[in-house]
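Encoded as structure tokens, the structure appears first; notes follow it.
In our numbering, the protein residues as written are 3 to 151.
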């Protein structure tokens with residue numbers, strides 16, 4: 003699998019639409035829930051995706067909650083995760099080009115479906131620029147190592 007996706011109840015509807023969009027593009031997806039709009043705790047679903055990406059079981063992930071804030075917080079607790087909450091096209095491009103974000107985070111209650119699909123498309127198609135940006139990511143990895151992450 004190349005992409006793991008999950009949401010809480012606040013992102014469920016958007017997750018389902020993004021899944022359709024990605025499957026139509028031929029992407030391999032691993033849906034880690036939730037599977038209804040019944041209230042759940044976002045950390046449970048954020049951890050599932052972040053763990054898979056951190057362990058290298060999938061290449062990248064997409065997380066969706068109401069605002070995207072909670073999912074960003076939980077995902078970035080995992081070693082090697084660079085989860086980026088994006089709300090516009092520039093952020094989607096920079097998340098990959100400069101930060102090599104391996105998890106894209108969206109807000110199901112703040113970004114509509116069409117825009118979200120466009121943000122996903124930009125993030126997936128953008129290449130990491132490397133060079134000075136890699137130096138900066140190496141510094142982040144050093145912090146992770148020092149803190150035992």
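Heads up, the beta-carbon is just placed ideally off N, CA and C, and yes, glycines get one too.
Quick caveat: nothing in here was measured; it's all calculated off a predicted structure.
Against chain B, with Cβ distances strictly below 9 Å, would residue i count as a contact?
| i | result |
| --- | --- |
| residue 120 | Protein chains in the displayed structure number just one, and chain B is not present. |
In whole angstroms, give me the CA-to-CA distance for residue i and residue j.
| i | j | result |
| --- | --- | --- |
| residue 27 | residue 118 | 15 Å |
| residue 43 | residue 86 | 20 Å |
| residue 81 | residue 146 | 7 Å |
| residue 37 | residue 16 | 12 Å |
| residue 25 | residue 4 | 12 Å |
| residue 131 | residue 90 | 19 Å |
| residue 13 | residue 99 | 25 Å |
| residue 29 | residue 148 | 36 Å |
| residue 74 | residue 18 | 19 Å |
| residue 120 | residue 112 | 14 Å |
| residue 129 | residue 57 | 22 Å |
| residue 22 | residue 93 | 23 Å |
| residue 134 | residue 11 | 39 Å |
| residue 140 | residue 150 | 15 Å |
On a Cα-Cα basis, can you pick out the residue from the options that is closest to residue i?
| i | options | result |
| --- | --- | --- |
| residue 110 | 103, 58, 132, 72 | 72 |
| residue 103 | 61, 40, 12, 21 | 61 |
| residue 127 | 49, 95, 20 | 95 |
| residue 79 | 99, 69, 46 | 46 |
| residue 48 | 41, 39, 57, 63 | 63 |
Could you tell me the boundaries of the beta strand (DSSP E) in which residue i lies?
| i | result |
| --- | --- |
| residue 25 | Per DSSP, residue 25 belongs to no beta strand (DSSP E); it is in the alpha helix (DSSP H), 14-26. |
| residue 62 | 62-67 |
Tell me whether the beta-carbon of residue i lies closer than 9 Å to the beta-carbon of residue j.
| i | j | result |
| --- | --- | --- |
| residue 67 | residue 122 | no |
| residue 65 | residue 52 | yes |
| residue 161 | residue 59 | Because the chain is modelled from 3 through 151, residue 161 falls outside the range shown and cannot be assessed. |
| residue 35 | residue 54 | no |
| residue 33 | residue 8 | yes |
Below 8 Å on the Cβ atoms is my guess for residue i versus residue j; work out the distance and round it to an integer in Å.
| i | j | result |
| --- | --- | --- |
| residue 83 | residue 105 | 6 Å |
Is residue i near the ligand SAM, judged by its Cβ being under 8 Å from some heavy atom?
| i | result |
| --- | --- |
| residue 96 | Only the bare structure without any ligand can be found here, which leaves the ligand SAM out of the picture. |
Just reading off the alpha helix (DSSP H) that residue i is part of, what are its end residues?
| i | result |
| --- | --- |
| residue 1 | The requested residue 1 is not part of the displayed model; the chain covers only 3 to 151. |
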